[in-house]
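In this note's numbering, the protein residues as written are 1 to 211.
Ideal Cβ placement from N, Cα and C applies to all residues, glycine included.
Worksheet: the structure to be examined is printed underneath.
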């Protein structure tokens with residue numbers, strides 16, 4: 001770990017980082033207020049995270065202008081272990097284009113990192129609900145769902161969809177999808193999707209996020 005004049009740099013985060021971390025911790029605590037399963041987040045570790053983020057920003061700010069190209073954000077965020085696949089990157093670029101943002105300063109960099117952190121935590125909470133529903137539908141406990149049974153279930157829940165449309169939805173979202181592994185889909189003798197894993201199930205039901 002680097003030190004400055006013999007002092008651990010993580011022991012002296014600047015005010016911008018302190019404020020950012022306080023906002024995140026307060027937001028997380030507020031979100032979990034009514035939850036029976038509380039998760040405790042380390043303020044010190046989060047401080048370290050944003051100090052490292054500042055180091056990365058300063059590295060990319062070669063000309064020392066205090067701002068850099070906004071399209072560098074996904075690459076920089078990946079260095080901080082945030083997940084950005086090709087769809088995330090394309091969506092991010094579209095958002096920035098619509099908002100007419102082509103540069104980011106350190107504060108905007110922090111804000112975008114914070115947004116992704118909170119989004120990821122909320123997704124993890126949502127994943128628990130998806131897992132509960134998946135386990136109920138997975139009556140044979142094989143960690144696979146029969147797609148015909150899933151279609152029937154969706155019909156009973158009010159989502160009227162015929163077999164052809166349902167199969168089109170499956171193929172459109174699951175075939176050649178970078179989020180889906182080979183083991184997530186089981187094909188029958190006619191090369192039609194027969195079973196899907198939890199990962200494929202959740203991706204199919206959340207595909208609206210990428211449209």
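Annotation for residue 186: the continuous beta strand (DSSP E) segment containing it runs 185-187.
Annotated three-state conformation of residue 193 is strand, per DSSP. Taking 8 Å as the cut-off, the Cβ atoms of residue 70 and residue 96 count as close. When secondary structure is reduced to three states using DSSP, residue 80 falls in the coil class, being assigned neither helix nor strand. If you compare the alpha carbons of 198, 87 and 72 with that of residue 138, the shortest gap goes to 198.
Apart from sequence neighbours up to five positions away, the residues of its chain that approach residue 143 with a beta-carbon distance below 8 Å are 197 and 198, ordered along the chain. Following the DSSP letters along the chain, one finds residue 68 inside the beta strand (DSSP E) bounded by residues 67-69. One thing to note: residue 100 has its Cβ no nearer than 8 Å to the Cβ of residue 67.
Note that the C-beta distance between residue 130 and residue 73 is not below 8 Å. In the structure shown, the three-state DSSP call for residue 135 is helix. Residue 105: member of the beta strand (DSSP E) spanning 103-105, first to last residue. Distance from the CA atom of residue 114 to the CA atom of residue 107, rounded to whole angstroms, is 10 Å.
Our two residues, residue 171 and residue 193, have alpha carbons roughly 8 Å apart in a direct line.
Less than 8 Å separates the beta-carbon of residue 151 from that of residue 166. In this structure, the straight-line span from the alpha carbon of residue 64 to that of residue 54 is close to 13 Å.
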